[in-house]
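Trainee:
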Amino acid sequence: MKTRDRSRVSSAHDDIVLSTRDLLALQAFELAARNGSFKAAAEALHVTASAVSHRIAGLEKTLGARLFERGPRGVELSPTGRALSSTTGRAFGDLARSLARQSAGTRRLRVSAVPIFASHWLLPRLGRFLAENPDIELQVEASPRMADMEAGLVDVALRYGEGNWPDVAADRIMNLSVVPVAAPALARRLRLRESCDLHRAPLIRVSPFGASWAEWATAAGLDPVRFERRRSEPKGLQVDGMGAALRAASHGLGIALAFDPIVDDEIRAGSLARVGPKVPARGQIWLICRRLERGVPSIRALRRWLLAESGLPL
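Residue 1 is where the sequence shown starts when you use my numbering, and the numbers rise one by one after that.
(1) For D167 versus R110, is the C-beta spacing smaller than 8 angstroms?
(2) Thinking just about the alpha-carbon of each residue, which of A219, F117, V239 is nearest to the one in S204?
(3) Report the option in G36, G58, L63 whose CA atom is closest to the CA atom of G71.
(4) For T88, count neighbouring C-beta atoms within 10 Å of its own C-beta (all shown protein chains included) and say buried if the count is 16 or more, exposed if not.
(5) Per DSSP, which residues does G161 bridge with? Please list them.
(6) Assess, as a yes-or-no matter, whether the region 261 to 279 is touched by the region 167 to 184 under the definition of 3 or more beta carbon pairs within less than 8 angstroms.
(7) Is it true that the CB of L158 sits closer than 8 angstroms to the CB of A113?
(8) Using only CA atoms, which one of L45, G64, F38 lies nearest to A53?
(9) Let me know the secondary structure DSSP gives I262 once reduced to three states.
(10) Looking only at its own chain, which residues have a Cβ that is under 7 angstroms from the Cβ of A44, when we skip the five neighbours before and after it?
(11) Identify whether A142 lies in helix, strand or coil by the three-state DSSP scheme.
(12) Select from G236, A269, G241 the residue whose C-alpha is nearest the C-alpha of G254.
(13) Just reading off the beta strand (DSSP E) that F68 is part of, what are its end residues?
(14) Could you give the DSSP three-state label for G252: helix, strand or coil?
(15) Mind reading off the beta-carbon distance from R49 to A42? Whole number of angstroms is fine, and I expect it under 8 angstroms.
(16) Just checking my contact of F92 with G81 at CB under 8 angstroms: how many whole Å lie between their CB atoms?
(17) Just the Cα atoms here: how many angstroms apart are G161 and R282?
(18) Ends of the alpha helix (DSSP H) at G315?
Structure (structure tokens):
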């Protein structure tokens, strides 16, 4: 008689036997819950969205409860689904971390970083870290989203903010200021000699998130009204990130607000110049990890190196 492959999980009260089908269904559920999409779960598993839907439907039948509410905008977790998601996220995260620790030969460190920090500051300097730590293998992901530590997909996140994220350990590794920058040729052509001259130059704006020109002007002691977007404004450019704003500024398309010292390399290379005063940024760059893993040697090594590179005390 043919039997199904089964996995056994013991508890203090009884033995719970999970079939391979159950485990695959739980995996599909966990990915769909984390991504809010059956399609995204299917892409991660290299199966069809229909296969994911069937696996989750089978899990719902086993549990006798709906896990997702399906609507015109997609799927959302039901109360039962949210309760199960908190368990599966931790369980699959623990499995992923356990497998990573068992990898032979290297210490793998998976890092998620806010894109502007990753592209303009971290990646140009990582060669020094790898030379000092040849036994650490780095995997770097540039993402604007806060990494899900419990899911086990990353070990460390480098994020912009105030350091008040719940349930994680956060270490400040860089202080930031906001400063207007422009291509040197544009600054000369528009004769941008004083801060009050900036309002008559093309202003590059970042949407939906980014440093506000009105906020910068207020902090710099200028009239913020002169820097607000107006319907009659005939000039200027809007982009979807600070990296795009810096590229546009380096090509002479206008003045962008940048984070110091993240923009240091462009300043030294001469592709950009500071054309106004620095003001404190709302947030800083933080290294975030699970509290229990703050003492992991590879994470400690990355934290020490980042602090040394940014000039903050260890």
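Positions of the beta carbon are idealized from the N, C-alpha and C atoms, including for glycine.
Mentor: The short version:
(1) no
(2) What sits at residue 204 in the sequence shown is Ile, not Ser. For I204, the nearest C-alpha among the options comes from V239.
(3) G36
(4) buried
(5) Q284
(6) yes
(7) yes
(8) The question names Ala, but residue 53 is Ser in the sequence shown. Minimum Cα distance to S53 is reached at F38.
(9) coil
(10) Non-local beta-carbon contacts of A44 in its own chain, meaning distances under 7 angstroms to residues more than five positions away in sequence, involve L31 in chain order.
(11) strand
(12) Among G236, A269, G241, the Cα nearest to that of G254 belongs to G236.
(13) 68 to 71
(14) Coil, per DSSP.
(15) The question names Arg, but residue 49 is Ala in the sequence shown. Yes, they are in contact, since the Cβ atoms of A49 and A42 sit about 4 angstroms apart, within 8 angstroms.
(16) Under the criterion of beta carbons closer than 8 angstroms, F92 and G81 do not qualify as touching, at roughly 15 angstroms.
(17) 7 angstroms
(18) Because the chain in this structure spans residues 1 to 314, residue 315 falls outside the shown range and cannot be described.
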